[in-house]
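For reference, the structure is listed below as structure tokens.
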Amino acid sequence: MIAPYEFKTLLLGSNNLRCNNSPASDFKSEVVHIHLTDYPIRINTSELYLSSMSFERLITKLDDKERYWRSIEGKTIAVIGYGNQGRSQALNMRDNGVNVIIGNPPDEYRKTAEKEGFRVYEIDEAVKNSEIVFMLIPDEVQPEVFSHKIADNLKQGSAIVFASGYNYFYDLITVPSYVDVLLVAPRMIGFGIRDLFLKGKGFPVLIAVGKDYTGQAEEKLLALTDAIGALKPGGVAVRSSFKEETLLDLLTEHTWAGAILYMFRLYYEVATELGASPEAIILELYGSGELAEIAESMKQQGLFKQLKNHSHTSQYGQLSRGRLFANEKVKQLIKKMALEILDGTFAKEWTLEQKSGLIHYKNLYKMNLEHPMEREEEKLYRLLGRIK
Ligand code: NAI
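Residue numbers (the numbering used here): 212 to 599.
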């Protein structure tokens, strides 16, 4: 059971984001101060997306490319972190002619960046030597790294770019008032970003201006979205907000992505009780890779339209029986989870969990890895040569 964390007080305040003359100037926000048991969490209660904006919500290419690129001309970009996202975004930007340096502590990632020809600095030095900073280290470590190594080294008029809305939305990171804050959040794993780029293709990305200090945040946002390769053919940038990105990202994880894991467990338990073999079940559920094919068909053809690739029996079974899981109770649960994301309940719980040594997290892992299905999976994957 996840322990419920008590709210002590709920204070409401308000704050308008500085937007100068950008098209985002109607982006008003309120900040809710929620003082929870130990750690205060501030939440930006701005609209989910900027529906009142005059410009297009979806961008597939930049018409007046030069106008946008001028905003980053001659600027050095420090990519902080050379992991999943950092490596791919840094390589893509360099190939697009941008001056990129890397900020990374001494570790294997740093060695890779050096091997791949980048100038690598300690994080504070990289920030000092740049005008645009990409925050591409794990979300959990960002607040501490930001406050110790980044905040005081950001130049006036520089920009910080996040790939996830989480830390800025929950105000776990407070960016100095003299810096533009941008969100360029790929909907693509790091490897895919590089792979697609090399094939001349783009990828989906959610973008937003969190704060426009210079009055050039919009131009920088689009130039950088283009620089990482998102707007190559097939790619799309979706106007969003830190709030919307955080909600959608977490809601995916909390609902279907998590549910599918536990649903497979229940399926396994029922099918083995009825005498089915573990190997057949695991291959049926996910071991065969059919799931990935279905996901690809959803992407190419549509959620329900891809059903036509299945037999009529399968189609009827999915349509008539699958529907029973989509009941009002489940909808209310999804809604509860969404509200717990928006009001900071989940973020608060996760912060406490990290600060208390990840006890619950480790227990959940342990509980799941001790399930008999795991041993059967290991045997099967060993036999198939997937693990040694
Ligand atoms: P990652 O886990 O691959 O980051 C590894 C890098 O972080 C390495 O360079 C490592 O040296 C550095 N690092 C780790 N701990 C550090 C510490 N304590 N201090 C300084 N540097 C440290 O990170 P990933 O997955 O690329 O995520 C980066 C950002 O991109 C996050 O905000 C994440 O939410 C976002 N994002 C990630 C996606 C993905 O495909 N993994 C997809 C979309 C967004």
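Quick reminder that beta carbons are idealized off the backbone N, C-alpha and C, glycines included.
Assigned secondary structure, residue i (DSSP; H/G/I helix, E/B strand, else coil)
i, result
"Asp306", "helix"
"Met548", "helix"
"Asp335", "helix"
"Met346", "strand"
"Lys272", "coil"
"Lys397", "Strictly speaking, residue 397 in this sequence is Pro, with Lys absent from that position. Note: Pro397 maps to strand in three-state DSSP."
"Arg593", "helix"
"Asp437", "helix"
"Pro583", "helix"
"Pro489", "helix"
"Asp391", "strand"
"Thr287", "strand"
"His540", "His is not the amino acid found at residue 540; the sequence shown has Lys there. Three-state result, Lys540: helix."
"Arg330", "coil"
"Ala448", "strand"
"Ile600", "As shown, the chain starts at 212 and ends at 599. That puts residue 600 outside it, with no answer to give."
"Val352", "coil"
"Leu409", "helix"
"Leu472", "helix"
"Lys422", "strand"
"Phe373", "strand"
Residue i, buried or exposed, once every other Cβ within 10 Å from all chains shown has been counted against 16
i, result
"Thr556", "buried"
"Leu595", "exposed"
"Asp391", "buried"
"Trp280", "buried"
"Met584", "buried"
"Asp317", "Residue identity check: residue 317 is Pro in the sequence provided, not Asp. Label assigned to Pro317: exposed."
"Met399", "buried"
"Phe408", "buried"
"Val311", "buried"
"Ile598", "exposed"
"Glu456", "buried"
"Arg586", "exposed"
Cβ separation of residue i and residue j, assumed to be a contact under 8 angstroms, to the nearest whole Å
i, j, result
"Ile493", "Leu591", "6 angstroms"
"Phe414", "Gly446", "5 angstroms"
"Thr381", "Ala558", "Here residue 381 turns out to be Tyr, not Thr, going by the sequence shown. Confirmed, Cβ separation roughly 5 angstroms."
"Phe475", "Leu496", "5 angstroms"
"Ile361", "Ile343", "That belief does not hold up - the Cβ atoms of Ile361 and Ile343 are roughly 12 angstroms apart, past 8 angstroms."
"Ala448", "Ala441", "6 angstroms"
"Val386", "Ile404", "Rounded, the Cβ-Cβ distance is 24 angstroms, inconsistent with contact."
"Leu394", "Leu417", "7 angstroms"
"Lys516", "Ser282", "That pair is no contact at about 41 angstroms."
"Ser341", "Thr287", "4 angstroms"
"Ala419", "Ser452", "5 angstroms"
heavy atom of the ligand MG below 7 angstroms from residue i C-beta
i, result
"Leu347", "Absent from the structure shown: the ligand MG. Ligands present: the ligand NAI."
Are at least three pairs of beta-carbons, each pair with one atom in the stretch 289-308 and one in the stretch 342-360, less than 8 angstroms apart? yes
Inter-stretch contact (C-beta, 8 angstroms, three-pair minimum) for the stretch 473-491 and the stretch 294-309: no
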